[in-house]
Amino acid sequence: DGGITQSPKYLFRKEGQNVTLSCEQNLNHDAMYWYRQDPGQGLRLIYYSQIVNDFQKGDIAEGYSVSREKKESFPLTVTSAQKNPTAFYLCASSSAIRRGAGTGELFFGEGSRLTVL
Amino acid sequence: AQKITQTQPGMFVQEKEAVTLDCTYDTSDPSYGLFWYKQPSSGEMIFLIYQGSYDQQNATEGRYSLNFQKARKSANLVISASQLGDSAMYFCAMREAYNTDKLIFGTGTRLQVFP
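Residue numbers (our numbering), protein chains in the order written: chain A, 40 to 156; chain B, 12 to 126.
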């Protein structure tokens with residue numbers, strides 16, 4: 040079945056360590072996104088990519104890095120520079136968005152919960 | 012700047028009753044899209060319904076309908092005949108046509124359905 044796979048589902052990290060969250064999609068979507076969710080808050084955009092080898096910062100990119108070497112993969116690295124990394128991370132994808140056309144709904148993975156010890 | 016506001020942190024509804032979850036938005040873009048997502052305790056975000064700013068009729072998808080009042084900039088989700096499985100977080104989101112890269116989310120409403 041087509042979908043988005045995030046791994047690991049749960050991850051524990053010591054302070055000062057970098058960690059990488061995996062996101063793979065087989066929906067043949069051009070665009071991929073990373074969101075962060077904190078308790079009592081909505082989703083905030085970290086990074087997004089509309090095409091292979093290109094990505095843009097979202098609203099809270101500081102302390103994070105991404106790569107988009109393949110269409111189906113968009114890994115997120117949480118670096119030691121991220122001051123408060125404990126959160127729920129959601130990866131999403133969508134088909135290419137043309138201006139004003141289509142619904143462009145996002146399809147989400149099941150999320151990765153990162154806890155810093 | 013675009014903004015989504017959900018003023019109800021939590022809502023309760025009895026099984027088989029209807030419930031309305033509020034969402035207001037702010038944008039200067041005449042062309043935009045509004046979305047509702049459901050997030051059960053498992054964490055996955057499930058797309059429910061979409062409304063385009065130029066759509067003449069309110070969107071409906073099964074038991075979900077969107078009460079779209081453009082002049083008031085509101086896009087309330089109506090769930091009819093609530094079921095126990097409807098208990099979840101519900102998020103309203105918006106995408107502007109001129110900023111098609113981003114989907115902006117509200118803070119969500121936790122819905123609890125009781126027997």
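C-beta: ideal position from N, C-alpha, C; glycine also.
query                                                                                                                   : result
C-beta neighbour in chain B for Q80 of chain A, strict 8 Å                                                              : yes
8 Å Cβ cutoff, L60 of chain A in contact with chain B                                                                   : no
is_contact[L77 of chain B, chain A] using C-beta, thresh 8 Å                                                            : no
E101 of chain A burial status per 10 Å Cβ neighbour count (16 or more: buried)                                          : exposed
8 Å Cβ cutoff, G102 of chain A in contact with chain B                                                                  : no
R138 of chain A - DSSP class collapsed to helix/strand/coil                                                             : Since pLDDT at R138 of chain A reaches only 45, below the 50 mark, its modelled position is unreliable, and the value read off the structure follows with that caveat. Three-state DSSP puts R138 of chain A in coil, outside helix and strand.
Residues near P127 of chain B by beta carbon distance below 8 Å, same chain, minus five either side                     : The structure shown does not extend to residue 127 of chain B, since chain B is modelled only from 12 to 126, so the question has no answer here.
Proximity test, Cβ basis, 8 Å: M22 of chain B and chain A                                                               : no
Under 9 Å by beta carbon: chain A residues contacting K113 of chain B                                                   : Y72, L84, Y87, G97 and D98
Neighbourhood of F11 of chain B by C-beta, 7 Å cutoff - its chain only, sequence neighbours within 5 removed            : Past the boundaries of the shown model lies residue 11 of chain B; chain B is included only from 12 to 126, so the question cannot be answered.
Paired residues, beta bridge with T16 of chain B - DSSP                                                                 : B:T35
The segment 45 to 60 of chain A contacting the segment 76 to 88 of chain A, beta-carbon criterion three pairs below 8 Å : no
Reduced DSSP category for G143 of chain A - H, G, I as helix; E, B as strand; rest coil                                 : coil
Whether L115 of chain A touches S132 of chain A by CB criterion (8 Å)                                                   : no
Contact list for T142 of chain A against chain B, beta-carbon separation under 7 Å                                      : G44 and Y61
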